[in-house]
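In full-length UniProt numbering, the protein residues as written are 1 to 1117.
We put the beta carbon where it would ideally sit given N, CA and C, even for glycine.
Only one structure is covered here, and it is reproduced in the block below.
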């Protein structure tokens, strides 16, 4: 390897040029051959793949996909070809003609017109002109009186010229039924209005609060840009009226504006609501009673106001059954603007508007642009990361005292990320790049800075030893050149850098076993980035140091500033070392108790809870978008009707004919594979028919089955098919012979009859008017013909779905869904034991997507941490070959992780995707400092534990403190972000790095000083180390005893100090950086410190470190 060290020092420019070209090519190839990352959907990849439940979910999704018009399967056999199979014999010209698509007589039922679709909101925005008139004078002046007059004046100015001759009151009477353009709709932007804290005691359903809400509505409509996005009235071409509680009160009391309402109007509407609530509660009101006749009094159906107020505009606790008292906590305000990412500029204008007054305020909103705003904040808040990077660069400059070396380190970090992206996208061909991968940037910056600090510290110590004349030199040194300095530096720095990088990469790669796509992708990219960074730090950084010695950088610190920084650093290091070595029992006891208590909090109570919402938070908890989803959404009935957790029961779906496998790429959420059909599946056999009928009968007897009333035409098709087959064989009215699909055939049917008649039965079922039958996912699924169906063969049943409703409500509780799944699965497995071979491939599925994610998070994170800890222990044991040091290091890492997680729990963290990635990363960050100290404790030439502890602290206290400080400050800056992932990253970095450094410095080193191994205790050795020691040990010892050479360095080898100030700095550094790192006297076992004696660089005695070492005399000359 001597050629490599010479190459680093003598051909350093060639190495830099080669690595620059190679890295640039990798980056360009990656950018040209792959699409740039797209973060438009930040929650993409937040699903579990590869688990037994995940495979079922994917197979079910593929089944639904294949039932689409372009898929391989159809529900209705009519869709298998242009012709439909039916057993219809018609007499025509004395011949019987078998044809497809026999005529079916339908009941003549008058069809009701369907409610307008969501698109009608934009296609037919027709409504009347605004109805405004001057309000009547009240006896008392209430809130908003002056604003009301201005509002009426502005509304009056918008009236069309042709209507100016007509009094406004006349238009109000004429167009009262068209007071609003449409009914409230979930597709419109919504605002949640609550009472202000200053008037929390006042009734929200009072005159002051409602008029204040009217004023708030007016503020929103006058926001700059509002008219550019609102739905327009015809023919006025002005914005439609917002849907709010005050406006509906004005509508019901024949007022033209919400500013005109008074307490009498409010009481009148309150009486109407109390009177009509029972009709609403009993589902006797609809959103359009003019079209669909509602069985309720006229006051309850007028303008559909009661339904809209109770369903859309007031919270669910506004009224209760059989209660005459109302209590309004929050109200909803709908504005005639469609939810869209295009209204992002309008939201920014709203941010600059104070949506609050003395009585009410906007607490939350849903504008449909959460993802768009996240993308914008994701880029706009990068300045925080930039400031953190600048701080790291400045810190690195002050520590290395070279802007050139700092710049080269930053370039190396950039190149390592580029190479990692090349390997990720081009070599590994991973097409999906989640935004979580951006976390790797912060990790690599921290590790790169850490490596630079360690390398520079060790290189400086070795270089200073060469510069001191009183340092002796062992015999038979081949050459005293810079190559030897680089060789000695890499023998120690490279070992520490490699171990920390490898263990960190192993912790990230362990995340690949996670079944969550985003976590899996992050583990691969982060691990690759760490390995790439380590390779560059082994080559790029040493070459840069060699160039630094020959090139004078214009951005250099003055000697006075250098001396001041070094003295401050040395004093701080000396103080910390003294604190550790003087009171080790205190630190070990204090941090040990904190760690054990944290372990109790993490493992037993309160633990890291699983997420309780499938919505992934993107902003801070007080953001109006997050408040809407987390706090207010479930309070309104119109949102509850769209959330299965409040309205639906868990379905019972049993699938046959399709294997529950996922053949897609687990690292790509867009790759779902395809259906894998079960070749053994066949429902036409008599055994399968009998078993299927018994299965449906047994299912209805289970405790989890929801009893249903009325016809269930397709849920278990075999029951409906038997009823259909019991019809008469000849229909005299239409002269139709229905044989053999009639009562002449007995159950179980012959396979050919079953296959022949089943398509007719399903076709007749799908021809049933939709008032009686709404197609669902249950029933047999037929294979689609690839060409025209010219034969008389019936379509083949390729899959079967039996679906019923359970009596278990949808829940986000992990325990409840787990019990439901285990109960149903246990029963179904028992049923399959008696199934014929062709029906044994069935499987059960329900709405378990979120439960699958919870399950993956609860198990995958723990397994990843266990693997990472095992790898760390193995690597440390292989390198130190000391069981006690390895055990102490792993113990320290474990307590660090427990304390970090405990603090994050108190910060409100739950086990979500980002949290899972962060906790997995905690292992990689926690091992660094502990491994640095453990390795250098083992590297110490001293055999007693006290001096070995001082040696390790002296070597590593500076680099580890600088690495921790820079990362903590960079993380603290991320706390100022508006994006929750950035905030959580900042929290994690601050907490993880703080406790990682504290436990490694104070707990581990105190533990080693008190109970550390000494005098080769519990020290293992490789077998070949004994042979090597026997061959060379005696000869080397004799040569060392015979003579010693003082250092005589030429100007060519190492630049010598040129001033007394510089020499004084070198003496201070040489005293603090003990040359005993390379001492052969009292050296440890050859199994670890088996350095070629030709490369031994010093033979000074043992370092006696104390505070006095810091303040050495500066008079050298």
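DSSP places residue 326 in no beta strand (DSSP E); its state is neither H nor E. With a 10 Å radius around the Cβ and a threshold of 16 neighbouring Cβ atoms, residue 730 comes out exposed. According to DSSP, residue pairing for residue 658 in a beta bridge involves 677.
Looking at the backbone, the Cα of residue 387 and that of residue 970 are separated by about 8 Å.
Taking C-beta atoms under 8 Å as the contact rule, residue 192 and residue 332 qualify, at a distance of about 6 Å.
Within the stretch 791-876, complete alpha helix (DSSP H) segments of at least 4 residues are found at 814-832, given in chain order.
Residue 459 has no beta-bridge partner at all, per DSSP. Apart from sequence neighbours up to five positions away, the residues of its chain that approach residue 263 with a beta-carbon distance below 7 Å are 207, ordered along the chain.
Distance from the CA of residue 592 to the CA of residue 895, rounded to the nearest whole angstrom, comes to 8 Å. Taking all protein chains shown into account, residue 637 has 16 or more neighbouring C-beta atoms within 10 Å of its C-beta and is therefore buried. Each of 1008, 10, 996, 962 was checked against the Cα of residue 482, and the nearest Cα belongs to 10.
In the DSSP assignment, no residue is bridged to residue 741. With a threshold of 16 other beta carbon atoms within 10 Å, residue 271 falls short and is exposed. Boundaries of the alpha helix (DSSP H) harbouring residue 418: 403-422, taken from the DSSP string. Looking at the DSSP output, residue 338 sits in a beta bridge with 188.
Under the DSSP assignment, residue 751 falls outside any beta strand (DSSP E), being part of the alpha helix (DSSP H) whose first and last residues are 751-766. Measuring C-alpha to C-alpha distances from residue 991 to each of 1015, 926, 1011 identifies 926 as the nearest. In the DSSP assignment, residue 651 forms a beta bridge with 805.
When DSSP states are grouped into helix, strand and coil, residue 516 belongs to the strand group.
Collapsing the DSSP output to three states places residue 276 in a helix. The secondary-structure analysis by DSSP pairs residue 356 across a beta bridge with 361.
Shown here, residue 605 sits in coil according to DSSP, grouped into three states, outside any helix or strand.
Residue pairing from DSSP places residue 239 in a beta bridge opposite 232. Taking residue 502 as the centre and dropping the five residues before and after it, the same chain places the C-beta of 875 closer than 7 Å to its C-beta, in chain order. Less than 7 Å separates the beta-carbon of residue 684 from that of residue 754.
In the three-state reduction of the DSSP assignment, residue 1019 falls in the strand class, which pools E and B.
In this structure, residue 781 lies near residue 798, with their beta-carbon atoms less than 7 Å apart. When the alpha-carbon of residue 248 is set against those of 269, 235, 230, 233, the nearest one is in 269. Taking all protein chains in view, the Cβ of residue 517 is crowded by 16 or more other Cβ atoms within 10 Å, so the residue is classified as buried. Scanning its chain for C-beta atoms nearer than 6 Å, with the 5 sequence neighbours on each side dropped, one finds around residue 624 the residues 364, 365, in chain order. Annotated as distal: residue 979 and residue 604, with beta-carbon spacing of 7 Å or more.
In the pairwise beta carbon analysis, the stretch 525-541 is classified as touching the stretch 416-436: at least three pairs are separated by under 8 Å.
In this structure, the alpha-carbon of residue 1019 lies about 50 Å from that of residue 42.
When the beta-carbon positions are compared, residue 598 and residue 988 stay at least 7 Å from each other. A direct Cα-Cα distance of roughly 5 Å separates residue 403 from residue 397. Residue 885 is positioned such that its CB atom lies no closer than 7 Å to that of residue 946.
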